[in-house]
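Visitor:
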Amino acid sequence: MAGEMSFTRVLIANRGEIARRIQSGCRKLGLESVAVFSEADRDAPFVAEADHAVCIGAAAPSASYLNIEAILEAARATGAGAVHPGYGFLSENAGFAAAVETAGLVFIGPEPDAIAMMGSKIEAKAAAEAAGVPVLPGYRGADQSDARLLQEARALGTPFLVKASAGGGGRGMRLVTDLADAPEAIASARSEAKGAFGDAAVFLERYAPRARHVEVQVLGDSHGTVLHLGDRDCSLQRNHQKLIEEAPAADLPEAVRDDMLSAAVRLAQSIGYRSAGTVEYLYDPARGEYYFLEMNTRLQVEHPVTEAITGIDLVEWQLRIARGEALTLPQSDVDFDGHAIEIRIAAENPAENFRPETGQITLWAPPAGVRLDSGVAAGSVVSHHYDSMLAKLIVHASDRAGAIRQAVAAIDTFAVDGVGLNLAYQRALLEHPDFQALRHHTSGLSEMFPGGWTEPAPDAQDTALAAIALHLHLSPAGASPWQSLGAWRLTAPAGRPGASSYWAMPDDTSIRVAGTGEQLGAHLLDGQTITAMTPTLTRGRLSGRIDGVPFARVAHVERACDHWRVHLQTSAGMMAINLRTLEDMHLARTTDGSGGIDMLSAPMPGAVAEVRVAPGDRVKAGDTLVVLEAMKLLQSLPAPVGGVVAEIYCAQGDTVAGNAPLVKLDPEEQT
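This note's numbering applies: residue 1 is where the sequence shown begins, and numbers increase by one.
1. Report the three-state DSSP secondary structure of Trp453 (helix, strand or coil).
2. Quick check: what's the CA-CA separation for Ala522 versus Gly515?
3. Opposite Ala35 in the DSSP bridges: which residues?
4. Based on the DSSP secondary-structure assignment, which residues constitute the bridge partners of Asp284?
5. Please return the same chain residues whose Cβ sits closer than 7 Å to the Cβ of Val395, not counting the five positions on each side in sequence.
6. Let me check understanding here. Comparing Cα to Cα, which of Leu662, Met575, Cys650 and Pro667 lies closest to Arg618?
7. If you draw a straight line from the C-alpha of Phe7 to the C-alpha of Pro330, how long is it?
8. Rounded to the nearest angstrom, what separates Thr570 and Val557 at their Cα positions?
9. Going by C-alpha to C-alpha distance, which of Ala460, His563 and Ser543 sits closest to Gln528?
10. CB-CB under 8 Å to Leu438, same chain, minus the five flanking residues each way: which ones, in chain order?
11. From what residue to what residue does the alpha helix (DSSP H) around Ala250 run?
12. Shortest alpha-carbon distance to Thr698 belongs to which of Gln151, Arg238 and Glu111?
13. Compute the Euclidean distance between the alpha carbons of Asp654 and Ala660, then round it to the nearest angstrom.
14. Return the Cβ separation of Val162 and Ala185 in integer angstroms, given the expectation that the two are a contact with Cβ distance under 8 Å.
15. Can you check DSSP and say which residues form a bridge with Pro667?
16. Thinking C-beta only, is Ser275 closer than 8 Å to Pro112?
17. Grab me the residues of Ala576's own chain with a C-beta within less than 6 Å of its C-beta, minus the 5 sequence neighbours each way, in chain order.
18. Residues in the same chain with beta-carbon distance under 8 Å from Thr674, minus the five sequence neighbours each way, listed in chain order, please.
19. Taking the alpha-carbon positions, what's the Tyr290 to Ala189 distance?
20. Got a sec? Which residues, its chain only, sit under 6 Å from Pro367 by beta carbon, not counting five neighbours each side?
21. Given that a residue counts as buried once 16 or more other Cβ atoms are within 10 Å of its Cβ, and exposed if not, what is Ser235?
22. Quick check: what's the CA-CA separation for Ala60 versus Arg174?
23. What do you reckon, are the CB atoms on Tyr65 and Ser33 nearer than 8 Å?
24. Less than 8 Å between the CB atoms is what I'm expecting for Pro350 and Tyr425, so what's the real figure, rounded?
25. I need the straight-line Cα distance from Val54 to Ala35, nearest angstrom please.
26. Got a sec? Which residues, its chain only, sit under 6 Å from Asp434 by beta carbon, not counting five neighbours each side?
27. How would you write the range of the beta strand (DSSP E) that Val395 sits in, first residue to last?
28. Considering just the uninterrupted stretch of the beta strand (DSSP E) at Gly573, what are its terminal residues?
29. Can you check whether the CB of Glu316 is closer than 8 Å to the CB of Ala124?
30. Once DSSP output is grouped into helix, strand and coil, what is the label at Phe197?
31. Mapping the DSSP letters down to three states, classify Asp259 as helix, strand or coil.
32. Classify Cys26 as buried or exposed, calling it buried when 16 or more other Cβ atoms lie within 10 Å of its own Cβ.
33. Identify whether Arg154 lies in helix, strand or coil by the three-state DSSP scheme.
34. Between the beta-carbon of Ile361 and the beta-carbon of Leu423, is there less than 8 Å?
35. Counting only runs that start and end within the segment 40-94, where is the alpha helix (DSSP H) found for 4 or more residues in a row?
36. Output needed for Thr531: all residues of its chain with C-beta closer than 6 Å, excluding positions within five of it in sequence on either side, in chain order.
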C-alpha cells in the first residue's frame, strides 16, 4: 500500500483510555472519530467524546468488542473509511485486519500477513533467526507429539519454559524446573493455549532467571523506511503482565543497546513492516546477552514513554502512514531527551491477592502537571467484563531518579473513591531499593516483597489531621459545629469553643476535635494532641500550621455507605482514612440491634456541658449521666435503666445532634 489513501472518519475498534487516546490523534489531524461501545460502556467518556458512536452489543466482549461483523457494520453505517484497533481485543487478529481490507476500509496497522507471522511465536522466532536476531535456545519444531517434546526437553535441560505459540500475557506458559514435571506442564500449557487462542501448539525455550524485559519501538511506512524510536524497560511484571514501564532502558551496555536497536529495524525491514510495532527482547545481565521474544504488531500500552522522550506522536504517525504518507525524518534526526516512566493504574487490591475491584467511581481527582491517559472519570462504572487497567500515569524528567520522584509525587496527590486502585502498591515498587538500584527483573516481585505486600496504615498525626479535615468539612465556612447550628449559638458568646468526637475505623478509636477557626486540637485516646493553627479545607486541600511549621496536604472528604472517608496525602502516600461521627455510631448501633433502653440519647441538639460518669461506673435509673446545654438551659439527662456504664460517646464541649447516642449501659439483670 504505497499509494495515498483517503479517509476522513476513523472507527476505533476499542474502548477506554486507548479509545480516547486515538480520538485525540484523530482531532490533531482533523479526522472524525467513531466509537463503538457495548451496553456496559454506554455512559463511558470515550463514547461521549467521539464524533459518532454506535452500540454494537452486550457487555461481554464476545458480543461486542470481539464481534467483527458488528464492528464492520458500524463502520459502514457511519461512513468510516478506516479502522484503528487500538491494543488488545482484535488488534493482533490477522483475520480482522483482512476483513477490514476486504470491506474496502483502511486498517490502521501492519499488513495481515505480518500480523499472522508475528502472531505465531514459532514463525516469529524463525523470522528473527533469518534476520540475524538472537533467539533463546529451545525447540520450535512442527512435530508436536509428546515424545518429541519430552525428548527436546531432556536435551534442553532445566529450567525451561513451555510456551503457547499463539500466546501472550503469560497465558499458555509453564515454568519447568524438574524434568519429571514436564509432561504435566506441556499438557496444561496446551490446554490453556487451545482455550485462550484456539491453537494448542507449544514450543520450548530456555528460561533465563533474573532477566530484564527490554523492547524496541519501531515505526515503518509503506515506502520501505523503518525507524527505531529507542528502547524501553518493562521488567517489573506480575504474572507476565507489565506494571511499570520506562524509557530508555537504564544501565544497558551501549554495545548491547545499539545491537538491539539495529536488530529490531532489521527484523521489521525483513517482513516489510508498516505502522508502529514493538520488538521485545529478554536481556540476561549475567551473560551480557539478549534474545528475541516476540514482536507486537500494534500500538503498545507503554507507547507514551517513547512519545515523552522523542516528542514523536505515535498515533498521529500511525494515521499518517495508513494514509500512505512517508516518514519525513531520518534516523539521525530522532532525538532522545531525558527519562520517562509510566504507571499502570488498575482497579485491584494488591493487599488482598490483587482482588479485582468493581463499582462506581465517586471521586476522581488526578494529579496536575503530568500526563494521564484515562478511560474513566467521576461517575464511571468499573465493570467485571473488561481489563482492570483504568488509566496510565506518565512522567518525564531529565534523568531516571527525577522521573521516579515525579511519579511518587504524582501518586501522592491522586485521590479516588468508590473503587480501589493499585496506586499504593505501585508507589511501593517505585520506592523499593531493588527498583531504584536496577536490581529488579521479570520474576523479582517475590524477592522484593517476600512476605507479601501490606498496605501502609496512617500514623497518629495522619488520623488526627483526617479528623480535623472532616470537622472542617462538616462546619460551614470553617465555623465550629456549634456556631453552625443556626439559632443555637450559645457557647461562642460564652467564650467556649465547639467540639465534636469522631471514631477512626476499624477499631473505633476515639478522637475529639475542639477549638475555633484559629486553632483546632485533635485529642487522641493515647493522650496525644495534634494542634493545627488557622486550619482551612478549601478545594480538596487541607492547610495550616503545626508547631509553627506550615503544612498543605491534599484532602478530599467523601461520604461512604455508613461513615466518612478522608483521602489524605501523607508521608507514606495517599491514604483513605475512615471515620465515624456520633450520628454514624448511633446509626451503626441501631442497625445492629444494640439500640434501646440501654442507650442514653440526646433529646435535642445541644452542647455537652458535663459528663458525670466514666466507663465501669454503676448507676441507678434516674441518676444524671450527662448535662446538656440547649435552649439557654442546662438539662440533666438521667439513666434510663440501672446498670454499669459500658461506653461513652461524648465529652465535655462536644456538640451533638438530636437523638445522638451519648452513653451506653449494661443493664442490671431483672430478678
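Just so you know, even glycine gets a beta-carbon here, dropped at the ideal spot from N, CA and C.
Note that the structure is predicted; figures quoted are calculated from it, not measured.
Guide: Looking at the coordinates:
1. coil
2. 9 Å
3. Ile12 and Ala53
4. Glu289
5. Ala340, Ile341, Val370, Ala403, Gln406, Ala407 and Ala410
6. Pro667
7. 26 Å
8. 15 Å
9. Ala460
10. Ala250 and Asp251
11. Per DSSP, Ala250 belongs to no alpha helix (DSSP H) and is neither H nor E.
12. Examination of residue 698 is not possible in this model, given that the chain is present from 1 through 671 alone.
13. 11 Å
14. 5 Å
15. Gly643
16. no
17. Arg565 and His567
18. Nothing about residue 674 can be read from this structure; the chain reaches only from 1 to 671.
19. 25 Å
20. Ala410, Thr413 and Phe414
21. buried
22. 28 Å
23. no
24. 4 Å
25. 6 Å
26. His440 and Met448
27. Met389 to Ala397
28. Gly573 to Thr581
29. no
30. helix
31. helix
32. buried
33. helix
34. no
35. 45-49 and 68-78
36. Gly521
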